[in-house]
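To start, the structure itself, in structure tokens.
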């Protein structure tokens, strides 16, 4: 068997989303309290990733809504994108990472709890859309860089101090 | 409503001056603290997308030592003091006289951590009190928090607050660096002041700069 190593990585920035097909991989770096959600169809080997900053688009006070910025609009938009690429809704699965609390404040400020709130909101959306959550690496207080390979359906999680793991 | 749409070259010059005054005071404080000559670079004031912001300290994945505090009062926003790990090690080793201290290998010694916290406190305090004196505005900083992690993960806490009202950020970025003979000053610390959009009007008003 010939193993082809493609170096092509699709990069997803903060408050952005994109999709990927084999042999490419998809990655987002420096997730703090943001959540990186991957939704994929194993049989079609297609995957999408969104880098969510905020739990709910009702928080939006800008003129236009960047759907990828929010958990509620971002997850739904990603599912639509995947379907356009031939993914089957009933086959979709998800893996998520992020939602850390980067600074240990005693402050009551709401924004300090944004990590856990982002995680909850992403999970609520997945549940609403009937997409099973296969694995997660969330919470804690470390930043994460994640990369998903649609060939293996594995999500690689890298942190500064705890090395690399795969979920 | 979004002030960033009305910003002019004059406004940017005023913000540059604010960065200058704040960082000059912080550099003086750091010189005194370390007994070394610390220089600063004229601030870079620009409107950046969130993803451009991620690149301003070497990319979102770059491991750094970050001090973060919130600002409340007449001006609201976030302030960060970001040091490359090597530079932070140099400063802290010289402060606590312990050559073995290393931000690459946790757990860190209590004394090293509290020295870093204190340094962040002093620098951000002198930066912000200079800004407060200059503008006459009330500025209340929170106690700084410390994190050794990826730049993107650290800075995003400041962007999240802004992301509710905007898709871009006006960043007042000032570099300070240690003057080392052999080194061309490439290793540096950076201050990032990210005022909330509503605060710009307060800043300009206090200085008599027209905002319309």
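Chains as they are written, first to last, in the working numbering: chain A, 7 to 173; chain B, 716 to 927.
C-beta: ideal position from N, C-alpha, C; glycine also.
At a Cβ threshold of 8 Å, is residue 93 of chain A touching chain B? Not a single C-beta of chain B is nearer than 8 Å to the C-beta of residue 93 of chain A.
Alpha carbon to alpha carbon, what distance is there between residue 796 of chain B and residue 770 of chain B? Between residue 770 of chain B and residue 796 of chain B, the alpha-carbon positions lie close to 15 Å from each other.
Minimum C-alpha distance to residue 805 of chain B - residue among B:914, B:922, B:760, B:749: Ranking the options by Cα distance to residue 805 of chain B, first place goes to B:749.
Check whether the Cβ of residue 166 of chain A lies closer than 8 Å to any Cβ atom in chain B. At least one beta carbon of chain B lies nearer than 8 Å to the beta carbon of residue 166 of chain A.
Using Cβ-Cβ distances below 7 Å, what residues of the region 875-891 of chain B are close to chain A? Cβ contacts with chain A: 875, 876, 878, 879, 880, 881, 882.
If you measure from the beta carbon of residue 158 of chain A to each beta carbon in chain B, is any gap under 8 Å? Not flagged as an interface residue toward chain B: residue 158 of chain A, since no C-beta distance is shorter than 8 Å.
Among A:39, A:66, A:132, which one has its Cα closest to the Cα of residue 83 of chain A? For residue 83 of chain A, the nearest C-alpha among the options comes from A:132.
Which of the three DSSP states is assigned to residue 791 of chain B in this structure? The answer is coil: DSSP assigns residue 791 of chain B none of H, G, I, E or B.
Which residues in chain A sit within 7 Å of residue 862 of chain B, going by Cβ to Cβ distance? Within chain A, the residues near residue 862 of chain B are 108, 109.
The alpha helix (DSSP H) spanning residue 134 of chain A covers which residue range? It spans 120-134 - the alpha helix (DSSP H) in which residue 134 of chain A sits, taken as one unbroken run.
Quick one: list the residues of chain E neighbouring residue 20 of chain A, beta-carbon separation under 8 Å, in chain order. In summary, chain E is missing from the structure at hand, where the protein chains are A and B.
Could you name the residues of chain B that residue 79 of chain A contacts, counting a contact when the two beta carbons are closer than 7 Å? Chain order gives no chain B residues near residue 79 of chain A, where near means a beta carbon separation below 7 Å; the closest approach is about 13 Å.
So, does the CB of residue 783 of chain B fall closer than 8 Å to a CB anywhere in chain A? Among the residues facing chain A, residue 783 of chain B is included, as its CB has a counterpart in that chain under 8 Å away.
CA-CA distance, residue 906 of chain B and residue 738 of chain B? So the alpha carbons of these two residues sit roughly 8 Å apart.
In the DSSP assignment, find the unbroken alpha helix (DSSP H) run with residue 743 of chain B in it and report its ends. Counting along the chain, the alpha helix (DSSP H) containing residue 743 of chain B begins and ends at 724-749.
Please list the terminal residues of the continuous alpha helix (DSSP H) segment that includes residue 913 of chain B. Per DSSP, residue 913 of chain B belongs to the alpha helix (DSSP H) from 912-921.
Quick one: is residue 36 of chain A near chain B, going by C-beta distance under 8 Å? The beta carbon of residue 36 of chain A sits closer than 8 Å to some beta carbon of chain B.
Buried/exposed call for residue 70 of chain A, threshold 16 Cβ in 10 Å: With a threshold of 16 other beta carbon atoms within 10 Å, residue 70 of chain A falls short and is exposed.
Limits of the unbroken beta strand (DSSP E) element including residue 162 of chain A: Element bounds for residue 162 of chain A: 160-164.
Should residue 900 of chain B be flagged as near chain A, meaning a C-beta pair shorter than 8 Å? The pLDDT assigned to residue 900 of chain B is 49, lower than 50, so where the model puts this residue is not dependable; a value taken from the coordinates is nonetheless given after this. No, because no Cβ of chain A sits closer than 8 Å to the Cβ of residue 900 of chain B.
Are the beta-carbon atoms of residue 20 of chain A and residue 57 of chain A separated by less than 8 Å? Contact flag set, yes.
Thinking just about the alpha-carbon of each residue, which of B:789, B:869, B:812 is nearest to the one in residue 856 of chain B? With distances taken between Cα atoms, residue 856 of chain B lies closest to B:789.
Might you give, ordered along the chain, the residues of its own chain that have their beta carbon closer than 6 Å to the beta carbon of residue 139 of chain A, omitting 5 neighbours on each side? For residue 139 of chain A, where only same-chain residues beyond five positions count, the Cβ hits under 6 Å are 100, 132.
Closer than 8 Å by C-beta to residue 110 of chain A: which residues in its own chain qualify, once you throw out the five before and the five after it? Chain order, please. Excluding five sequence positions before and after residue 110 of chain A, the CB atoms of its chain that fall closer than 8 Å to its own CB belong to 147, given in chain order.
Buried or exposed (CB count within 10 angstroms, at least 16 for buried), residue 167 of chain A: Taking a 10 Å sphere around the C-beta of residue 167 of chain A, we find fewer than 16 other C-beta atoms and assign the residue as exposed.
Does the Cβ of residue 833 of chain B have 16 or more other Cβ atoms within 10 Å, making it buried, or fewer, making it exposed? So residue 833 of chain B ends up on the exposed side.
Taking 6 Å as the limit between beta carbons, can you name the residues of its chain near residue 756 of chain B, skipping five residues before and five after? Shown here for residue 756 of chain B: same chain residues with a beta carbon closer than 6 Å to its own, the five before and five after excluded, namely 890 in chain order.
If I follow the unbroken alpha helix (DSSP H) through residue 85 of chain A, where does it start and stop? 77-90 is the span of the alpha helix (DSSP H), which, as asked, contains residue 85 of chain A.
Are the C-beta atoms of residue 60 of chain A and some chain B residue less than 8 Å apart? So, interface residue.
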